[in-house]
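Residue numbers (our numbering): 1258 to 1506.
Here you go:
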């Protein structure tokens, strides 16, 4: 059991990659907090985990609410007395064309994807420093390196920012026994990907050397590795899990 006795928080775990990750971490012994603004979806994830006689809990979390983030972090530390793994998966997508971008739409995506992710790390980092142990895994995106798939410049910029946040946190916390890494998915068979226009989906798949989008479980496998002690000498890395899309970059 690679995560036995570890407390693992997964944000955005009601569906998709987050859900697959929560299940995967629980299967390997983790006590998983399924944190999401979609409480009903989070409860479904927890129910699936509990049906396997594994440990999971639901907690509502809105990453656009800094006060709520502080309250969430304090509650987790009070309840579990420690936090071992934080997977920052929650995100907000945007398809607004570049020249139509509004301040409200820009901020709505940045508040969740970049600002909220950083401040959740900031709130939980002191506990990890105190225990001289912690694993933080942040999810970036192909859009960070290639630009928005559907002109979502705010989404692409937020995910590029996640790469910088990951490296800054890694440099700061490495001497204190904490590993901070990221993964960079390309296209994954999720609700977000499948909501794109069919022409965009077909074009995306043509650009994947392995010929198909990732399954959420395949990304969860990499997150599991980065959550475990098997990755103890890796920090500050953002791993492409992209079916070969960025192999020449």
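Every residue gets a Cβ at the ideal spot worked out from N, C-alpha and C, and that includes glycine.
Since this is a predicted model, take the numbers as computed values, not measurements.
- Here DSSP, grouped into helix, strand and coil, assigns residue 1414 to helix.
- For residue 1494, the three-state secondary structure derived from DSSP is coil.
- The residue from 1334, 1411 and 1285 with its alpha-carbon nearest to that of residue 1357 is 1411.
- The count of Cβ pairs closer than 8 Å, one atom from the segment 1492-1502 and one from the segment 1456-1475, reaches three, so the stretches are in contact.
- In this structure the segment 1443-1461 lies against the segment 1259-1274, because at least three pairs of beta carbons, one per stretch, are closer than 8 Å.
- Taking C-beta atoms under 8 Å as the contact rule, residue 1326 and residue 1292 fail to qualify, at a distance of about 10 Å.
- Taking the Cα of residue 1417 as reference, the smallest distance to any Cα among 1405, 1469 and 1329 is reached at 1405.
- Rounded to the nearest whole angstrom, the C-alpha separation of residue 1496 and residue 1304 is 30 Å.
- Counted as a single uninterrupted DSSP element, the beta strand (DSSP E) harbouring residue 1266 occupies residues 1264-1268.
- Taking the Cα of residue 1377 as reference, the smallest distance to any Cα among 1345, 1352, 1364 and 1354 is reached at 1345.
- With distances taken between CA atoms, residue 1483 lies nearest to 1393 out of 1428, 1289 and 1393.
- Within its own chain, the residues whose Cβ lies closer than 6 Å to the Cβ of residue 1436, once the five positions on either side in sequence are excluded, are 1392 and 1492, listed in chain order.
- Shown here, residue 1457 sits in a helix according to DSSP, grouped into three states.
- The residue among 1372, 1426, 1315 and 1466 with its C-alpha nearest the C-alpha of residue 1349 is 1372.
- Residue 1390 and residue 1454 have their alpha carbons spaced roughly 43 Å apart.
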